[in-house]
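To convert, take the position in the sequence shown, counting from 1, and add 29; that gives our numbering. All C-beta atoms in this analysis are idealised placements derived from N, C-alpha and C, irrespective of residue type, glycine included. To keep things clear, I will list the structure first and then write my remarks on it.
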Amino acid sequence: MQFSGLNKLVEKLLSYTQRGSVLDLGAGAGGNSIFLARHGFDVTAVDISSEAIEDIRRTAAEASVVVQASVGDIARLEWDRSYDVIVCTMALHYLYARDALNTIRAMQAHTNPGGFNVIATFTKEGDLLKNDPTTERFLADGLEQFRDLYAGWNIHILVEKERKMRKTHSDGTPFINTAVGLIAQKIH
């Protein structure tokens with residue numbers, strides 16, 4: 030069964046860990062959350078959209094898995110515990126740059142030793158920045174920024190990839206954006 034919103038990095042995470050507690054930030058339709066719950070993880074999902082959270086609850090029930098899903102702003106999250114895995118795919122670019130960087134730091138601080146962060150986000154390359162050059166939203170500087178942010182972590186995967194979007198230019202050509210993907214393990 031394929032779930033809407035499942036990120037390929039989350040599938041690859043299973044090569045590194047097969048159990049534990051997961052926090053899925055900006056969970057959207059819940060594809061990552063449902064997938065990980067089906068593989069035996071204890072999953073908590075947070076999204077700012079109450080509709081998305083209802084979708085996650087419904088889909089989890091249909092898939093016969095448990096996902097603790099709640100409405101919340103990932104930039105203003107009250108962190109009350111640490112997790113073995115923290116996932117944040119295709120959500121950071123909705124935040125202001127300072128909030129996104131603070132969210133990444135909070136993810137790192139609330140990851141258990143030996144645990145993982147999984148991130149996918151858009152970079153400054155591509156049509157997002159071209160269409161809004163004055164944006165204050167977070168667009169990653171690229172691979173080097175994540176190497177720096179995750180210095181002292183074991184970086185298992187760090188990739189940059191162009192993605193065609195559903196949105197098109199006025200001439201009908203698709204928007205092209207570049208995304209960076211990361212799986213990093215906390216060493217201590």
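* Run the CB neighbour count on K37, radius 10 Å, all protein chains shown included, and call it buried at 16 or more, exposed below. => The count along the sequence shown starts at 1 and reaches residue 37 at position 8. By the 10 Å Cβ count, K37 comes out exposed.
* **Assigned secondary structure, N36 (DSSP; H/G/I helix, E/B strand, else coil)** => Taking the sequence shown and counting its residues from 1, one reaches residue 36 at position 7. Note: N36 maps to coil in three-state DSSP.
* Asked: If we count the other Cβ atoms within 10 Å of its Cβ and call it buried at 16 or more, is V96 buried or exposed?
  -> Here residue 96 refers to the residue found at position 67 of the sequence shown. Under this definition V96 is a buried residue.
* Compare the beta carbon distance of D113 and G144 with 8 angstroms and say whether it is the shorter of the two. => The residue you call residue 113 lines up with position 84 of the sequence shown. The residue you call residue 144 lines up with position 115 of the sequence shown. Yes, the pair counts as a contact, with Cβ atoms nearer than the cut-off.
* **Local conformation of A149 per DSSP, three classes** => The residue given as residue 149 occupies position 120 in the sequence shown. Here A149 sits in strand by DSSP.
* Backbone CA spacing between Q137 and S62 [nearest angstrom] -> Position 108 of the sequence shown, counted from the first residue, corresponds to residue 137. Position 33 of the sequence shown, counted from the first residue, corresponds to residue 62. Those two C-alpha atoms are separated by around 19 angstroms.
* **Contacts around I77, its chain only, beta-carbon distance under 6 angstroms, and the 5 residues preceding and following it disregarded** => Position 48 of the sequence shown, counting from 1, holds the residue named residue 77. So the qualifying residues of the chain are D102.
* To do: Measure the C-alpha to C-alpha separation of T150 and R110 and round it to an integer number of angstroms.
  => Here residue 150 refers to the residue found at position 121 when the sequence shown is read from its first residue. Here residue 110 refers to the residue found at position 81 when the sequence shown is read from its first residue. Straight-line Cα distance between these residues: approximately 24 angstroms.
* **Beta-carbon spacing of C117, G57 below 8 angstroms** => Numbered from 1 along the sequence shown, position 88 holds the residue referred to as residue 117. Numbered from 1 along the sequence shown, position 28 holds the residue referred to as residue 57. No; because the gap between Cβ atoms is not below 8 angstroms, this pair is not in contact.
* Asked: Secondary structure at S62, three-state DSSP: helix, strand or coil?
  -> By one-based count along the sequence shown, residue 62 stands at place 33. S62 falls in the helix class under three-state DSSP.
* Going by other Cβ atoms of all chains shown within 10 Å of its Cβ, with 16 needed for buried, is Y179 buried or exposed? -> One-based indexing of the sequence shown puts residue 179 at position 150. Classification for Y179: buried.
* What did DSSP end up calling H185 once you bin it into helix, strand or coil? -> Within the sequence shown, the letter at position 156 stands for residue 185. Residue state, collapsed to three classes: strand.
* List the whole-angstrom C-beta distance separating I216 from V147, where the pair is believed to meet the contact cut-off of C-beta under 8 angstroms. => Along the sequence shown, read from residue 1 onward, the residue named residue 216 stands at position 187. Along the sequence shown, read from residue 1 onward, the residue named residue 147 stands at position 118. 16 angstroms between Cβ atoms; not a contact.
* Asked: CA-CA distance, D156 and Q174?
  -> Numbered from its first residue, the sequence shown carries residue 156 at position 127. Numbered from its first residue, the sequence shown carries residue 174 at position 145. Within the model, the alpha-carbon separation for D156 versus Q174 is close to 20 angstroms.
* Can you tell which of T202, G181 and S44 has the C-alpha that lies nearest to the C-alpha of P142? -> Counting from 1 along the sequence shown, the entry for residue 142 is found at position 113. Per the Cα distances, G181.
* To do: Classify D84 as buried or exposed, calling it buried when 16 or more other Cβ atoms lie within 10 Å of its own Cβ.
  => Taking the first residue of the sequence shown as position 1, residue 84 is located at position 55. Buried is the call here.
* Excluding the 5 residues preceding and the 5 following A89 in the sequence, name in chain order all residues of the same chain whose CB lies nearer than 8 angstroms to its CB. => What you label residue 89 is simply residue 60 of the sequence shown in a count that begins at 1. Answer for A89: G59, S62, I63, A66, V95, V96 and A98, listed in chain order.
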